[in-house]
Amino acid sequence: MPATSANAANPSAGTSASPTRSATAKDEATNDAVARFLADKGLLGSVALQVRDKAADLASDLVISAMDFLGVRYKSGGQSRDGGFDCSGFTRHVFERSIGMILPRRASEQANMPGLMQVSENELKPGDLVFFNTLRHTFSHVGIYVGDNKFIHSPRAGGQVRIEDMGQSYWQKRFDGARRVPRLSKQQAELAQH
43 MPATSANAAN PSAGTSASPT RSATAKDEAT NDAVARFLAD KGLLGSVALQ VRDKAADLAS
103 DLVISAMDFL GVRYKSGGQS RDGGFDCSGF TRHVFERSIG MILPRRASEQ ANMPGLMQVS
163 ENELKPGDLV FFNTLRHTFS HVGIYVGDNK FIHSPRAGGQ VRIEDMGQSY WQKRFDGARR
223 VPRLSKQQAE LAQH
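Those letters in the sequence shown? Residues 43 to 236, per the working numbering, in order.
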């Protein structure tokens with residue numbers, strides 16, 4: 043079925059170039075919800091505006107859910123708002139809360155979880171898991187990509203959940219790769235076709 047493969051690779055193949063009214067209205071409603079959330083959190087700086095503009099797909103629920111934890115303290119082994127989060131406890135909690143997917147407990151286990159798609163740095167989309175080598179071994183740190191080369195994570199002891207730029211030399215040198223949940227990709231492609 044070559045036509046199906048072409049459509050999967052190019053979601054706009056076989057559809058009109060302009061989005062339907064319902065898709066446009068849904069995108070606008072999502073952008074409005076993201077903007078309200080960011081305003082409520084006092085995040086309408088340049089990072090927040092860029093994130094808002096990139097969060098118009100299903101992954102926006104995941105990104106919004108992650109941003110709800112900005113400022114929560116770091117806690118080694120932590121997996122909750124009240125107790126604090128470590129990096130993988132944070133991603134695990136956000137994925138379970140927003141899309142019902144239970145990730146493994148450790149960053150290295152999340153990176154190697156069967157069924158996740160490897161994604162190159164230039165193909166990142168909001169909601170992708172991004173991995174870093176921060177403890178002198180691969181996949182020792184994880185965060186969630188939010189758009190515009192930014193990611194949200196629970197960094198280290200004494201820190202809080204925050205957004206950082208992957209272009210900073212510290213993160214750039216330590217980037218290990220990214221993973222995507224296939225069902226998010228499939229749903230994003232399906233929405234683009236409607």
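Note that the Cβ used here is the ideal one computed from N, Cα and C, for glycine as well.
This one's a predicted model, so the numbers in the text were calculated from it and none came from an experiment.
With distances taken between CB atoms, is the gap from residue 191 to residue 166 smaller than 9 Å?
At a Cβ-Cβ threshold of 9 Å, residue 191 and residue 166 count as neighbours.
For residue 104, which three-state DSSP category applies?
Helix.
Boundaries of the alpha helix (DSSP H) in which residue 136 is found, first to last residue
Going by DSSP, residue 136 is part of the alpha helix (DSSP H) stretching over 129 to 141.
Residue of 141, 103 and 154 minimising C-alpha distance to residue 218
The shortest Cα separation from residue 218 among 141, 103 and 154 belongs to 154.
Spatial neighbours of residue 221 in its chain, beta-carbon cut-off 8 Å, leaving aside the 5 residues before and after:
These residues qualify, in order along the chain: 152, 153, 155, 158, 159, 160, 161, 170, 171 and 173.
Residues that residue 161 bridges to, as DSSP identifies them:
Residue 161 is bridged to 220.
Is residue 183 near residue 195, with beta carbons less than 9 Å apart?
Closer than 9 Å, so yes.
If we count the other Cβ atoms within 10 Å of its Cβ and call it buried at 16 or more, is residue 185 buried or exposed?
So residue 185 counts as buried.
Report the rounded CA-to-CA distance for residue 188 versus residue 202, giving the unit in angstroms.
Between the alpha carbons of residue 188 and residue 202 lies a gap of roughly 17 Å.
In the DSSP assignment, find the beta strand (DSSP E) that holds residue 194 and state where it starts and stops.
According to the DSSP assignment, residue 194 belongs to the beta strand (DSSP E) that extends over 192 to 195.
Hey, how far is the Cα of residue 116 from the Cα of residue 198?
Residue 116 and residue 198 have their C-alpha atoms roughly 6 Å apart.
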